[in-house]
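Remarks on the structure that follows.
In the working numbering, the protein residues as written are 3 to 423.
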């Protein structure tokens with residue numbers, strides 16, 4: 003079943019492993035080779051992807067610094083890196099890539115927000131509430147987000163492609179702007195002030211030049227409701243980004259913007275057992291703008307740990323079409339006890355199309371993890387692993403093959419003596 007990354011981790015493993023091989027052949031350091039070939043703002047790729055904001059080079063610099071790339075290494079220690087590009091502004095894989103929002107504001111300034119987006123634990127409910135709270139000058143706890151109920155919520159194409167903050171966030175902000183315009187219109191009459199001089203701040207409507215000229219939003223709405231023939235504040239907005247379906251040639255600008263990042267890792271490889279230990283991991287991403295830094299950091303931690311499992315331990319074993327390890331005990335999924343040291347530096351580029359400048363970040367955390375680890379292993383012990391997962395058995399076999407040893411650790415061609423077990 004397709005999940006986090008939808009094929010990008012697999013493609014990136016091949017591409018970013020090859021990038022390191024090309025860098026070695028050219029005699030150029032891996033990060034510098036990537037810098038030479040890095041995307042830049044306003045690029046248009048050969049596939050037709052139109053790059054807007056792009057902090058890829060800055061991500062590389064951050065990783066190089068945080069991972070201490072040139073620090074002396076002990077025996078069996080290595081560093082590696084890998085970069086990523088992922089959709090960050092929706093992804094038009096269906097005819098619509100849109101999401102709807104409905105907002106109802108009561109006479110006390112509290113909000114019921116109906117969104118088509120689905121919160122599966124990734125925190126979209128909180129982020130959407132924050133976006134609306136920022137637009138309307140109210141508190142996050144003034145907003146009640148209703149989602150995942152198709153009887154009452156508007157349409158959304160689905161929770162995929164790291165699109166929810168960008169697409170659902172823009173939909174929520176569009177509806178909030180309609181409500182804001184109504185509040186400012188009512189406030190201009192009540193405060194006898196021009197609309198352009200009014201702002202919404204801390205649950206009040208306030209004059210920019212005369213801070214004492216203000217009125218609590220709830221009080222304003224009650225006045226409008228009871229003194230002016232009844233006023234109800236409701237608004238709807240449907241946001242469908244101006245991205246493109248790819249054609250049969252797989253060309254087209256499928257996302258409004260793209261998320262970039264570079265991961266760096268320092269590993270220790272035991273040459274006697276093939277076991278790989280991760281000493282430090284740095285995952286730097288261009289996120290546009292961090293709406294909720296804590297949730298964002300958590301997304302990166304979760305993505306990196308999924309990527310580490312993909313790289314080192316998780317494997318579906320098939321025999322004649324039957325899955326032979328159908329549970330998490332034998333599938334070797336990582337747990338909280340396996341968490342590695344992770345740093346998640348955030349680089350903000352303030353994308354003009356995102357809500358308050360944000361890009362999607364749900365999937366990128368696991369996209370370049372496997373090649374970063376594979377490249378670090380090569381740097382540590384000089385063996386290139388091209389099959390995942392990179393188990394101790396595979397690493398040890400590659401080390402012994404490089405040294406001209408058989409699977410038992412004996413020189414090839416020597417008298418085998420007793421058979422090894």
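For glycine and all other residues, C-beta sits at the position ideal for the given N, C-alpha and C.
*Quick one: using the 10 Å Cβ neighbour count with 16 as the cut-off for buried, is residue 352 buried or exposed?*
The count along the chain shown starts at 1 and reaches residue 352 at position 350. So residue 352 counts as exposed.
*Going by the beta-carbon positions, is the gap between residue 87 and residue 276 smaller than 8 angstroms?*
Position 85 of the chain shown, counting from 1, holds the residue named residue 87. Position 274 of the chain shown, counting from 1, holds the residue named residue 276. In this structure, residue 276 does not lie closer than 8 angstroms to residue 87 by Cβ.
*In terms of alpha-carbon separation, which member of 248, 315 and 129 lies closest to residue 295?*
In the chain shown, counting from the first residue as 1, residue 295 sits at position 293. Of the listed residues, the one whose Cα sits closest to residue 295 is 129.
*Which class does residue 119 belong to by DSSP, given the choice of helix, strand or coil?*
Numbered from its first residue, the chain shown carries residue 119 at position 117. In this structure, DSSP gives residue 119 a state outside helix and strand, which the three-state scheme calls coil.
*Taking residue 218 as the reference, give the member of 232, 234 and 200 with the closest Cα.*
The residue you call residue 218 lines up with position 216 of the chain shown. Checking every option, the nearest Cα to that of residue 218 belongs to 200.
*asked:* Would residue 259 and residue 54 qualify as a contact pair, given that the criterion is a beta-carbon distance under 8 angstroms?
replied: What you label residue 259 is simply residue 257 of the chain shown in a count that begins at 1. What you label residue 54 is simply residue 52 of the chain shown in a count that begins at 1. Yes. Within cutoff.
*Can you tell which of 145, 105, 359 and 288 has its C-alpha closest to the C-alpha of residue 63?*
Indexing the chain shown from 1 puts residue 63 at position 61. For the residues 145, 105, 359 and 288, the minimum Cα distance to residue 63 belongs to 288.
*Tell me, which residues are paired with residue 208 by DSSP?*
Position 206 of the chain shown holds residue 208. For residue 208, which the question treats as bridged, DSSP gives the partners 201 and 216.
_Does the contact criterion of 3 or more C-beta pairs under 8 angstroms hold for the stretch 280–287 versus the stretch 296–312?_
The stretch 280–287 makes contact with the stretch 296–312: 3 or more CB pairs, one atom from each, lie closer than 8 angstroms.
*On the DSSP bridge assignment, give the partners of residue 411 in chain order.*
In the chain shown, residue 411 corresponds to position 409, counting from 1. Partner(s): none; residue 411 has no beta bridge.
*Check whether the Cβ atoms of residue 333 and residue 390 lie closer than 8 angstroms to each other.*
Mapped onto the chain shown, residue 333 falls at position 331. Mapped onto the chain shown, residue 390 falls at position 388. For the pair residue 333 and residue 390, the CB atoms are not nearer than the 8 angstroms cut-off.
*Length at least 4, wholly inside the stretch 291–327: the alpha helix (DSSP H) runs in chain order*: 295–314
*Please name the residue, chosen from 135, 382 and 263, that lies closest to residue 14 on a Cα-to-Cα basis.*
Counted from its first residue, the chain shown places residue 14 at position 12. It is 263.
*For the alpha helix (DSSP H) that residue 171 lies in, which residues bound it at each end?*
Along the chain shown, read from residue 1 onward, the residue named residue 171 stands at position 169. From DSSP, the alpha helix (DSSP H) with residue 171 extends over 171–193.
*Proximity test, Cβ basis, 8 angstroms: residue 324 and chain D*: The question asks about chain D, but that chain is absent: this structure has only one protein chain.
*Taking the alpha carbon of residue 426 as the point to measure from, which residue in 245, 56 and 336 has its own alpha carbon closest?*
Coverage of the chain is limited to positions 3 through 423, which leaves residue 426 absent and any answer about it impossible.
_CA-to-CA distance, residue 386 to residue 141, given in whole angstroms_ = Walking along the chain shown from the start, residue 141 turns up at place 139. Walking along the chain shown from the start, residue 386 turns up at place 384. Each residue's alpha carbon lies about 53 angstroms from the other.
*Nearest to residue 327 (by Cα), restricted to the options 338, 315 and 337*: Within the chain shown, numbered from 1, the residue matching residue 327 stands at position 325. Closest in alpha carbon position to residue 327, among 338, 315 and 337, is 315.
_Span separating the alpha-carbon of residue 240 from that of residue 290_ = Taking the chain shown and counting its residues from 1, one reaches residue 240 at position 238. Taking the chain shown and counting its residues from 1, one reaches residue 290 at position 288. Approximately 22 angstroms between the Cα atoms of the pair.
*Who are the near neighbours of residue 342 in its chain, counting only those whose CB is closer than 7 angstroms to its CB and skipping five residues on each side?*
Residue numbering aside, residue 342 sits at position 340 when the chain shown is read from its first letter. Within the same chain, residue 342 has close Cβ partners 280, 283 and 310.
*Which parts of the stretch 257–295 are runs of the beta strand (DSSP E), unbroken and 3 residues or longer, counting only runs that do not cross its ends?*
Entirely contained in the stretch 257–295, the beta strand (DSSP E) runs reaching 3 residues are, in chain order, 260–271 and 278–290.
_Nearest candidate by alpha-carbon position, reference residue 9, set 399, 369 and 382_ = Residue 9 sits at position 7 when you count from the first residue of the chain shown. Closest by alpha carbon: 369.
*Cβ-based burial, residue 292 [other Cβ within 10 Å; buried from 16]*: Looking up residue 292 in the chain shown gives position 290. With 16 or more Cβ atoms within 10 Å of its Cβ, residue 292 is classed as buried.
*Smallest Cα separation from residue 205: which of 189, 211 and 194?*
Start at 1 with the first residue of the chain shown, and residue 205 comes out as number 203. Of the listed residues, the one whose Cα sits closest to residue 205 is 189.
_So for residue 66, helix, strand or coil by DSSP?_
Within the chain shown, the letter at position 64 stands for residue 66. Helix, per DSSP.
*Taking just the CA atoms, how far does residue 317 sit from residue 323?*
Position 321 of the chain shown, counted from the start, is the residue given in the question as residue 323. Position 315 of the chain shown, counted from the start, is the residue given in the question as residue 317. Each residue's Cα considered, the two are about 14 angstroms apart.
*Run the CB neighbour count on residue 377, radius 10 Å, all protein chains shown included, and call it buried at 16 or more, exposed below.*
The sequence position of residue 377 within the chain shown is 375, counting from 1. Counting Cβ neighbours within 10 Å, residue 377 comes out buried, since at least 16 surround it.
*So, helix, strand or coil for residue 134, using DSSP?*
Here residue 134 corresponds to residue number 132 of the chain shown, with the count starting at 1. It is helical.
*asked:* Suppose the cutoff is 6 angstroms on Cβ atoms and the five residues either side in sequence are ignored; what does the same chain contact list for residue 208 look like?
replied: For this step, residue 208 is matched to residue 206 along the chain shown. Correct list, in chain order: 201 and 216.
*How many angstroms separate the CA atom of residue 147 from the CA atom of residue 297?*
Taking the first residue of the chain shown as 1, we reach residue 147 at position 145. Taking the first residue of the chain shown as 1, we reach residue 297 at position 295. So the two alpha carbons sit approximately 17 angstroms from each other.
_Whole-Å CB distance - residue 181 paired with residue 237, under 8 angstroms assumed_ = Here residue 181 refers to the residue found at position 179 when the chain shown is read from its first residue. Here residue 237 refers to the residue found at position 235 when the chain shown is read from its first residue. Taking the Cβ atoms as the reference, residue 181 lies roughly 5 angstroms from residue 237, within the contact range of under 8 angstroms.
*Sort 7, 101 and 50 by Cα distance to residue 249 and report the nearest one.*
Along the chain shown, read from residue 1 onward, the residue named residue 249 stands at position 247. Here the closest residue by C-alpha is 50.
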